[in-house]
Amino acid sequence: MSEQARSEAAARPARLRPLAVLVRFQSLIGLIVVVLGGIVFSPRRHGMVLFLTPDNIANIIRSISETGIIALGMTFVIIAAGIDLSVGAILGLSSVFTASLLIKHGWAILPTILTVLVAGTVFGTLQGAISTRFRLQPFIVTLAGLQAARGLALVASGNNYINIAYGHGPGLAPPAFGVLGARLFHNTLPVASLIFILLAAVAALVLNTTRFGRYVYAVGGNERAARLSGIPVNRVKIAVYAITGVASAIAGIVHAGQFSFGGPNDGAGYELTAIAAVVIGGTDLFGGAGSMVGTIAGSVMLGALANILELNDVSAAMQLLATGAIIVAAAALQSFVGRRDGGGR
Amino acid sequence: MPRMHTIGTLAAGMALLASPALAAGTPIAKTCGPNNHYLIGFSQVDYTEPYRQHVDNQMQELVKNYPQFKLVIADGQANDNTQTSQVENFITQQVDILFISPYESAPLTPVVARAYKAGIPVITLDRNVIGDQYTTFVGGDNFLIAKEAGEYAATLLPDGGEIAILEGLPSSSPAIERLDGFKAGIANHPNLKVVGVQAVDWLEDKAVTVFSAMLQAHPDIKLVYTSNDLAAAGAYIAAKSVGKQNQIKIIGTDGLPGPSGGIRSVMEGQWAATYIYPTGAAEALELAKKILIDCATSVPRKITVPTMRVDPQNAKELYEKLKF
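Line order of the protein sequences matches chains E and Y. The first sequence begins at 802 in this note's numbering and counts up one residue at a time. The second sequence begins at 432 in this note's numbering and counts up one residue at a time.
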């Protein structure tokens, strides 16, 4: 932001400040609004508010766990002023790879998970490196990555899906892997949700408290200034794509475990949901501003919205329209205040 | 002593009460009887395929005959995660019975098992889950329908020839069964050679692309068998685009009524035949009535709904007769 604009912003009357607060916490406020709406409009059975039953809340978190994990990684990329369209395809590739190693090659669980995570990280790093080294738009590189990942998934799966059956012997996966689809604590907390919650905490810590996190904001906010201040800009830019790569791989492993299934077309369209969650969470698509807490709130908001509409038997079309409206509202609010006031920039 | 007497009388009384119940068996549904209203949750694969719309229409039409039933149909949007969420929501809403056509068999098995274990009777329609955690499967015998199609194909090509197969989504049970059934039907006719089998995932546009490519690679294909009518329509478009629509005999599956359905395509001579795959809606609703209103204690594990071939001889009559 220019010196002149900054001093103008400082001179702005105090009454615009509340709007700035609204923007900073827009996603949390939005989430509260959606949750209140859920309670008000929730069907009731035997006097219970169905929306608030522990089972229902666990279901909401479960339904967003895969796209949520991807959104955590996507936050880093978008704050760094990049974008990653290949995440859904990497999920599909990872789910196929996981199923293939477990079933067709009889690998044990730990080597399988490690290999798939490494593969996802390598794929992401490659995309980041190509984009940075050759100065290509991340949009284009990750679009190409999307196609490549889908193609690899089709090859690795032999153009077919891979069913994961559990047991001991050839063609069967170790039963412990099925824990990814299980529910803990007397059938209440899905393991997929637990993984999302843990990763969300880690992601928030990394972004908010580490030097790397500050570098990400700096690179996205003003790349030239960051480079001049000695920040290893290229390495940061490559690292964030490695993060989305590994996040998508984790989501793919969770997907294979939850559904006992590795399909080459799995995860199609997940990139859009992840980006929506990040934008609704208050992160600027141009980079430099945003928060992990916002993304988490955005993900949960989308899941809660879908849940309220489904509990009330409202058609899926309404859900899509509502999501679209929320994205536009979130972006507009942020843009309106962010440019006129000092904001988070 | 008084206490012993009381216990003795209690025990005798309980034994008297218990025996009739044990003798009769416990009803499948937790709440049942003719005096309540019941909520049926139907988790449908998606709304965008004509066959699925046909099933939904029949369901909504026929449920009017059961004033105690309220039917809710959820759109799975052809996505495992979405359909799983919807079944979870039905469990939350404590529906009295769950109907489901799973998008893919393995991924939907865990959540269906949860519903079943929670005491909700489960009727699987047309596509099944893996294992036995469901009450009843209502569907056609895909294997038999496809086998009949294979045998009919042999009569259409008495001198033999090259055959192509356009398969449905390979991760769904009907696709596998129809493929295996057709192959069994032509097994005794060595002069019928299958030169290409490709999955088109029940989709028309995919069928056009795939079959066009097949025709380039195998220009002498004489017959194509498809897993559903949409794929047959796509095959026709592909054949027509290279001027071969009269050389290639097309056999579809579904036999949907109405101006855009398969029956009309056979009537107009575009296809050689199709097989009506019934929706099972009537049978499923009758089953729901038995379980929820009549308090049935046991029901059949599998209800096979019959099929029928539509060919040039009966197409016109069937088209007039079957309106929705």
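Backbone N, C-alpha and C define an ideal beta-carbon position, used for all residues, glycine too.
**Request:** Would you please verify whether the beta carbon of Ala442/Y is less than 9 angstroms from any beta carbon of chain E?
**Result:** On the second sequence, residue 442/Y is found 11 positions in, with the first residue counted as 1. Only weak support exists for where Ala442/Y lies, its pLDDT of 49 falling under 50; the coordinates are left without a value.
**Prompt:** In the DSSP assignment, what residue or residues form a beta bridge with Lys680/Y?
**Reply:** Within the second sequence, numbered from 1, the residue matching residue 680/Y stands at position 249. Answer is Leu654/Y, bridged to Lys680/Y.
**Asked** According to the Cβ coordinates, are Ala882/E and Glu1024/E closer than 9 angstroms?
**Response** Within the first sequence, the letter at position 81 stands for residue 882/E. Within the first sequence, the letter at position 223 stands for residue 1024/E. Closer than 9 angstroms, so yes.
**Item:** Interface residues of the segment 506-531 of chain Y facing chain E [CB-CB below 7 angstroms]
**Value:** Under the 7 angstroms Cβ criterion, the segment 506-531 of chain Y contributes Asp506, Gln508, Asp511, Asn512, Ser516, Gln517, Glu519, Asn520, Thr523, Gln524 and Gln525.
**Prompt:** Hey, out of Ser643/Y, Tyr706/Y and Ala715/Y, whose CA is closest to Phe473/Y's CA?
**Reply:** Indexing the second sequence from 1 puts residue 473/Y at position 42. When only C-alpha atoms are compared, the closest one is Ala715/Y.
**Request:** Provide the residue(s) that pair with Asn964/E in DSSP beta bridges, ordered along the chain.
**Result:** Stepping through the first sequence from its first residue, residue 964/E is reached at position 163. Answer by DSSP bridge pairing, in chain order: Phe1062/E.
**Request:** Using the DSSP secondary-structure output, state which residues sit across from Val741/Y in a beta bridge.
**Result:** Numbered from its first residue, the second sequence carries residue 741/Y at position 310. DSSP output for Val741/Y lists Thr705/Y as bridge partner(s).
**Message:** Count Cβ pairs between the segment 517-532 of chain Y and the segment 849-865 of chain E that sit closer than 8 angstroms; are there 3 or more?
**Reply:** yes
**Request:** Hey, could you find the ends of the beta strand (DSSP E) Tyr469/Y is sitting in?
**Result:** Translated into the one-based positions of the second sequence, residue 469/Y becomes position 38. From DSSP, the beta strand (DSSP E) with Tyr469/Y extends over Tyr469 to Gln475.
**Prompt:** Under 9 angstroms, do Ile722/Y and Ala460/Y count as touching if we go by C-beta distance?
**Reply:** Residue numbering aside, residue 722/Y sits at position 291 when the second sequence is read from its first letter. Residue numbering aside, residue 460/Y sits at position 29 when the second sequence is read from its first letter. Yes, they are a contact pair.
**Asked** Counting only beta-carbon atoms, is Thr922/E nearer than 9 angstroms to chain Y?
**Response** Residue 922/E sits at position 121 when you count from the first residue of the first sequence. Judged by the 9 angstroms Cβ criterion, Thr922/E is not in contact with chain Y.
**Delimiting residues of the beta strand (DSSP E) encompassing Gln564/Y** = As a working mapping, residue 564/Y is identified with position 133 in the second sequence. No beta strand (DSSP E) holds Gln564/Y; DSSP gives it neither H nor E.
**Prompt:** Enumerated in chain order, which unbroken segments of the beta strand (DSSP E) with a length of 3 residues or greater are wholly contained in the segment 483-537 of chain Y?
**Reply:** 500-506 and 528-531
**Request:** Rounded to whole angstroms, what's the CA-CA distance from Ala1098/E to Val956/E? Just pull it up for me.
**Result:** Position 297 of the first sequence, counted from the first residue, corresponds to residue 1098/E. Position 155 of the first sequence, counted from the first residue, corresponds to residue 956/E. Their Cα atoms are separated by approximately 37 angstroms.
**Request:** Between the Cα of Tyr750/Y and those of Tyr708/Y, Val625/Y, Lys720/Y and Arg695/Y, spot the shortest distance and give me the residue it belongs to.
**Result:** The sequence position of residue 750/Y within the second sequence is 319, counting from 1. Among Tyr708/Y, Val625/Y, Lys720/Y and Arg695/Y, the Cα nearest to that of Tyr750/Y belongs to Arg695/Y.
**Spatial distance of Val1020/E from Val1007/E (CA atoms)** = The residue labelled residue 1020/E in the question sits at position 219 within the first sequence. The residue labelled residue 1007/E in the question sits at position 206 within the first sequence. Their backbone Cα atoms lie some 16 angstroms apart in a straight line.
**Asked** Apart from the five residues on each side of it in sequence, which residues of its chain come closer than 6 angstroms, Cβ to Cβ, to Ala1004/E?
**Response** Counting from one through the first sequence, the residue named residue 1004/E turns up at place 203. Within the same chain, Ala1004/E has close Cβ partners Leu873 and Met1093.
**Request:** Please determine, among Gln514/Y, Val494/Y and Leu556/Y, the residue with the shortest C-alpha to C-alpha distance to Gly711/Y.
**Result:** Counting from one through the second sequence, the residue named residue 711/Y turns up at place 280. Closest by alpha carbon: Leu556/Y.
**Message:** Any beta carbon from chain Y within less than 9 angstroms of Arg846/E's own beta carbon?
**Reply:** Within the first sequence, residue 846/E is the residue found at index 45, counting from 1. Answer yes: the Cβ-Cβ gap between Arg846/E and chain Y drops below 9 angstroms somewhere.
**Request:** Please check if any C-beta of chain Y sits within less than 9 angstroms of the C-beta of Gly1143/E.
**Result:** Numbered from its first residue, the first sequence carries residue 1143/E at position 342. Residue placement at Gly1143/E cannot be trusted, given a pLDDT of 41 that sits under 50; the coordinates are not used to answer.
**Asked** Can you find a C-beta in chain E that's less than 9 angstroms from the C-beta of Ser658/Y?
**Response** Along the second sequence, one-based indexing puts residue 658/Y at 227. Chain E, which has no Cβ nearer than 9 angstroms to the Cβ of Ser658/Y, makes this no.
**Item:** Inter-residue Cα distance where the pair is Arg936/E and Leu944/E
**Value:** What you label residue 936/E is simply residue 135 of the first sequence in a count that begins at 1. What you label residue 944/E is simply residue 143 of the first sequence in a count that begins at 1. Approximately 15 angstroms, taken between the alpha carbons.
**Asked** What residues match up with Leu990/E in a beta bridge as DSSP calls it?
**Response** Within the first sequence, numbered from 1, the residue matching residue 990/E stands at position 189. In the DSSP output, where bridge partners are listed per residue, Leu990/E has Leu985/E.
**Prompt:** Is Gln1148/E buried or exposed, if buried means 16 or more other CB atoms sit within 10 Å of its CB?
**Reply:** Residue 1148/E lies beyond the range of chain E shown here (802 to 1146); nothing can be said about it.
**Request:** Using 10 angstroms around the beta-carbon of Arg732/Y, count the other beta-carbons present and answer buried if the total reaches 16, otherwise exposed.
**Result:** Here the question's residue 732/Y lines up with position 301 in the second sequence. Under this definition Arg732/Y is an exposed residue.
**Request:** Using a Cβ cut-off of 8 angstroms, pull out every chain Y residue sitting near Ser1049/E, in sequence order please.
**Result:** Numbered from 1 along the first sequence, position 248 holds the residue referred to as residue 1049/E. Within 8 angstroms Cβ-Cβ: nothing; Ser1049/E doesn't reach chain Y, min ~15 angstroms.
**Item:** Partner residues on chain Y for Gln967/E, Cβ-Cβ distance less than 7 angstroms
**Value:** Indexing the first sequence from 1 puts residue 967/E at position 166. One detail in the question is off: residue 967/E reads as Tyr in this sequence, not Gln. Residues of chain Y passing the Cβ test: none, with the nearest at roughly 11 angstroms.
**Item:** From Val628/Y, Ala746/Y, Met645/Y and Tyr583/Y, residue whose alpha carbon lies closest to that of Gln701/Y
**Value:** Counting from one through the second sequence, the residue named residue 701/Y turns up at place 270. Ranked by how close their Cα comes to the Cα of Gln701/Y, the residues Val628/Y, Ala746/Y, Met645/Y and Tyr583/Y have Ala746/Y in first place.
**Pairwise C-alpha distance: Gly1104/E and Val543/Y** = Position 112 of the second sequence holds residue 543/Y. Position 303 of the first sequence holds residue 1104/E. Straight-line Cα distance between these residues: approximately 21 angstroms.
**Asked** Got a sec: is the Cβ-Cβ distance from Asn1035/E to anything in chain Y below 9 angstroms?
**Response** Within the first sequence, residue 1035/E is the residue found at index 234, counting from 1. Contacts with chain Y at 9 angstroms (Cβ-Cβ) do not include Asn1035/E.
**Asked** With respect to the beta strand (DSSP E) encompassing Gln938/E, which residues constitute its N-terminal and C-terminal limits?
**Response** The residue given as residue 938/E occupies position 137 in the first sequence. Per DSSP, Gln938/E belongs to no beta strand (DSSP E) and is neither H nor E.
**Asked** Which first and last residues belong to the beta strand (DSSP E) in which Val841/E is found?
**Response** In the first sequence, the residue the question calls residue 841/E occupies position 40. Note, Val841/E: premise wrong, no beta strand (DSSP E); alpha helix (DSSP H) at Gln827 to Phe842.
**Asked** If Ile617/Y sits next to Leu610/Y, beta carbons under 8 angstroms apart, how far is it from one beta carbon to the other, in whole angstroms?
**Response** Taking the second sequence and counting its residues from 1, one reaches residue 617/Y at position 186. Taking the second sequence and counting its residues from 1, one reaches residue 610/Y at position 179. 12 angstroms between Cβ atoms; not a contact.
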